[in-house]
């Protein structure tokens, strides 16, 4: 037994050594017929590696600039109230401390021209130590302290260029902020701790902290935030400081974080974006896998006679399979290496172009993780798509040598090949889920890819079978085109699959983009309020409501008390230690708006429990957003501890609501029962709707919106107005940047689809050389044959477009409704473009192959046959 086992091992080693020698000799002949193989594999690997390398570059940028982005090594934030002396002294003992106050406010122009004399700003009041890290760049160039100093009794300010443009202001003009006047001394060019380009309500406006009190904006309950940055002394550790502060001041209302936690929301955004872009790149690689399979099948078919000759001289099927596999692996190594080189170099090439587009600096790096991931994808894809056609090499009969042409043997691959192929497919699926960072999205992509492949293969089969159910057209050329689609061995199924997969991805992305644009340009503006008004003091509420109702064109107004608080415990466990769904982690990230009410809020539906009666006067209860509750594992009857302005309140969750956030109305994750927040200073938040009006030619706001803005601004200087229209415009600009990034990665999918389609059509046309000769001999002209072949391919392309449209619509609808939580609507424009692109690409590529086919002479075929 042992001798037989050893003998089998020796034979296996001999066979593999022989296969290696034969493969090396075969490769000396060059890579004819395998260029599409290399191109598809390199393109897909480059797309995956490029996206992963860009993600690594952004992560490196966040890590390198963490202290700069946060403004120090450690930051303590306190909503609504400054730190007490004791914790402030604890911070001062660890290093240099700088305090800033941030809020949204309204600035009124007192000099200069322009119709819009009042605008929303993102206000920052800084102390003399600011900034601890980096440098504030102003125009004209001057120290920040000089620009903010008092001159002739007026404090200075610096403003972002957007504010100056919007209010037609210039350096030297005077503006009013609350009850105080400021002289604009410089234009703010750059802040070291400002993540520009993506987020923020209103342009930046910077003043000195000592002048803030004179504005009258700091009122009990005002929506402002105190932040204290610490530049640690040498030898001090941020983790140790954070732990010491938590231990020394239990039950505090402030939040402490280190520079490594400077931008959790931004990090999560880039993870999701690169995950989606990675899947788009992976779709290009998988689509290129069809090109790999086609190239391998064509190569084996072209070498059928040579392989049969090897069989005649004693080579076993195992040796032939190994010879072909080693050649494919060598070519795969070349393609993967080329793709890795291009993908790894992408961050270095695009880094200079992203400086003004992304909110953080990208640091180009060679990421071992990105290289390994892309290489693994490339190898698994190669094996998954090449092993089934390669298995035919081992089953080629020696009789093939004595036929006039070579043909791959039919039959199912062996169980070993099927098992390895299945394992590679599972590996691709696991990596796809891993690169997204979102298991649901990754599994959805895998499911959609498998379903699309099955449906497209089935559609190609149905196309050929379905044509048998209809009579042939009366026109002879069209009848020949349909007959060509009916015949066995037609490439229609391959064309439908090759073209359909790429167009499925493109149509899905186009429909998602169309739905989002429709949401922010039509759907939301139709039902959204004209303005949000914040920081309405309780004593101003009645007068505010009266002022708003007196404005012509106002149709509805809603107000609600508003406080800021944060979750500190869930069922007695610290919120940071709770097992939170990443989709709802934002609820505990910083402080959130909270309110109390006697009735259920509008734009929400009670899905569990019961809302308290209007006259309820018992222990604190809470009605919670159902999705947030599920993310935190909160059920009815559980206790959540909320810290509001230093007071910890234990509330019992007695009802859950499904909130329609897209209504843009007033809504909160937490709505507390009456009496829960008694004694705490608060302000009111309001939304006001105006009657619809035809859009103005110059794009100016509606007349009712302008009148509302003017009335509230004149009567309540401390109230901040947030224009919903301007906010939606900012969201649209962000979406366009995201769409540009995803579209750029989608181009790889389109190119891969074109390569695979060209290869499929080229192979199909090359196989029809004898058929073309027969038509020529029978008197067919070049025009006749061109019409026939183009009609045949146009039908195939249109069929691929229709199937891709159905699949792309289904994928887009699932993504929009299930992942983005938006309403779905079908867009006819991208749909028609998909079908037209499919038919057009098929016809265009077939024309080139058809012209070459018709240029062949008939006599070589007639002489050999």
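Residue numbers (this note's numbering): 70 to 934.
Cβ atoms here follow ideal geometry from the backbone N, Cα and C, with glycine treated the same way.
Secondary structure at residue 205: coil, using DSSP grouped into helix, strand and coil. Secondary structure at residue 138: helix, using DSSP grouped into helix, strand and coil.
Judged by their CB atoms, residue 739 and residue 718 are not nearer to each other than the 8 Å cut-off.
Taking C-beta atoms as the reference points, residue 349 and residue 454 fail to come closer than 8 Å.
Beyond the five residues adjoining it in sequence on each side, residue 231 comes within less than 8 Å, by CB distance, of 272 in the same chain, given in chain order.
According to DSSP, residue pairing for residue 693 in a beta bridge involves 725, 739. Counting C-beta pairs closer than 8 Å gives fewer than three between the region 744-757 and the region 697-709, which falls short of the contact rule. About 17 Å separates the beta carbon of residue 192 from that of residue 167, a gap too long to meet the 8 Å contact definition. Between the alpha carbons of residue 444 and residue 112 lies a distance of about 12 Å. Across the structure, residue 293 and residue 148 are spaced so that their CA atoms are roughly 6 Å apart. Residue 175 is bridged by DSSP to 189. Contact between the region 568-576 and the region 865-874 is present: 3 or more CB-CB pairs across the two stretches fall below 8 Å. Secondary structure in the region 221-279: the alpha helix (DSSP H) runs of 4 residues or longer, each lying completely within the stretch, are 230-235 in chain order. Looking at the DSSP output, residue 631 bridges to 752.
About 5 Å separates the Cβ atoms of residue 604 and residue 789, confirming a contact at the 8 Å cut-off. Around the beta carbon of residue 847, fewer than 16 other beta carbons lie within 10 angstroms, which makes this residue exposed.
In this structure residue 436 touches residue 122 by the C-beta definition: roughly 5 Å separates them, less than 8 Å.
Under DSSP, residue 465 shares a beta bridge with no residue.
Spatial neighbours of residue 679 in its own chain (CB-CB distance under 8 Å, excluding positions within 5 residues in sequence) are listed in chain order as 723, 724. Bridge pairing for residue 719: 710 [DSSP].
As the crow flies, the alpha-carbon of residue 686 is around 56 Å from that of residue 221. In the DSSP assignment, residue 588 falls outside any beta strand (DSSP E) and carries neither an H nor an E.
Secondary-structure assignment with DSSP links residue 144 through a beta bridge to 298, 326.
In the DSSP assignment, residue 438 falls within the unbroken alpha helix (DSSP H) covering 437-460. A residue is called buried when at least 16 other Cβ atoms come within 10 angstroms of its Cβ; residue 642 does not meet this threshold and is exposed. Going by DSSP, residue 529 is part of the alpha helix (DSSP H) stretching over 508-535. The beta carbon of residue 895 sits closer than 8 Å to the beta carbons of 580, 878 from its chain, once the five residues preceding and following it are set aside; these are given in chain order. Between residue 343 and the set 108, 578, 504, the nearest pair of CA atoms involves 504. Within the same chain, and ignoring the five residues on either side of residue 631 in sequence, the residues whose Cβ sits closer than 7 Å to its Cβ are 662, 664, 751, 752, 753, 754. Taking the Cβ atoms as the reference, residue 757 lies roughly 15 Å from residue 612, outside the contact range of under 8 Å. Cβ neighbours of residue 107 within its own chain (closer than 8 Å, five residues either side excluded): 100, 400, 403, 404, 407. Assigned with DSSP and collapsed to three states, residue 602 falls in strand. Take the alpha-carbon of residue 742 and the one of residue 681: they are about 7 Å apart.
Fewer than three Cβ pairs drawn from the region 375-382 and the region 133-147 lie within less than 8 Å of each other, which leaves the two stretches out of contact. Of all alpha-carbon atoms in 207, 594, 210, 628, the one lying nearest the alpha-carbon of residue 798 is that of 594.
Between residue 691 and residue 653, the CB-CB gap reaches or exceeds 8 Å.
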